[in-house]
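So for the sequence shown, my numbering puts the first residue at 935; every next one is plus one. Think of the CB as a built atom: it goes at the ideal place given N, C-alpha and C, for glycine as much as any other residue. No experiment lies behind these values; they were computed from the predicted model shown.
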Amino acid sequence: AVVQQGLLQLLGRMMNTMLLCGVNPHSIFKGINMFDRLSQIREADEMLQWIKSEVIAPFMAEMSARSDDQLIRVVEKAMEFLQQNYMKQDISLDQCAEYVRTNHYSLSKAFKQYAGKNFIDYVTELRIEKAKELIRETELKIYDVAEQVGYQNGYFNRLFKKLEGITPKQYRELSRR
């Protein structure tokens, strides 16, 4: 009875904590009266197991899902920032992290997790795709294309060839056929 009384108090505090975290206990527990449920259990071991599986586990799952949603929003905001700033030569993970109000380590980890690639690979891919579009659709000189996507000409040509298997000039010729 003493253990049960203590666990009932703990359950009340946990529900209060849920509310403070912005989680509605009613929705997590699907309207079930958890105090009644706990009151029906007689064995201390069963009570403890019940608290773990029926109270703590669903709450942790909800908090984890919310954390994932928050990280996804951070990565999406970072991607928007990169879409608007990819052409700047000095774009960095630190600048992007500052923009989305997180640290570079968290952004880097989230980027890898949700974009499926690391930050620099994403920026490189974005820039090369924009460059291919400019090469196909404009008459800009290749060195102007390089500058417009944030690269110096020599590096751009090497990188483009490494990633696409052909030079920017060859790409333009093939896209015009």
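Between the CA atoms of residue j and residue i - distance to the nearest angstrom
i	j	result
C1030	Q1082	19 Å
Y1105	K1051	25 Å
P1102	I1025	23 Å
F1045	F969	42 Å
W984	Q943	15 Å
F1094	A995	44 Å
R971	N958	18 Å
H960	M997	15 Å
K1064	Q1086	15 Å
D962	M1013	Before going further, note that residue 962 is Ile rather than Asp in the sequence given. So the alpha carbons of these two residues sit roughly 33 Å apart.
Neighbour-count burial assignment, residue i, 16 or more Cβ in a 10 Å radius
i	result
G965	exposed
G956	exposed
A999	exposed
G940	exposed
A991	exposed
T951	exposed
M949	buried
T1036	buried
K1066	buried
Distance CB(residue i)-CB(residue j) smaller than 8 Å
i	j	result
Y1033	F1015	yes
Y1020	V1057	yes
Y1048	L1005	yes
I1069	S1109	yes
G1084	Q1018	no
M981	V936	no
V989	L945	yes
L1060	S1042	no
Review point. Should the segment 965–980 be called in touch with the segment 1003–1011, which here means at least 3 C-beta pairs below 8 Å?
Key: Counting Cβ pairs under 8 Å, fewer than three are found: no touch.
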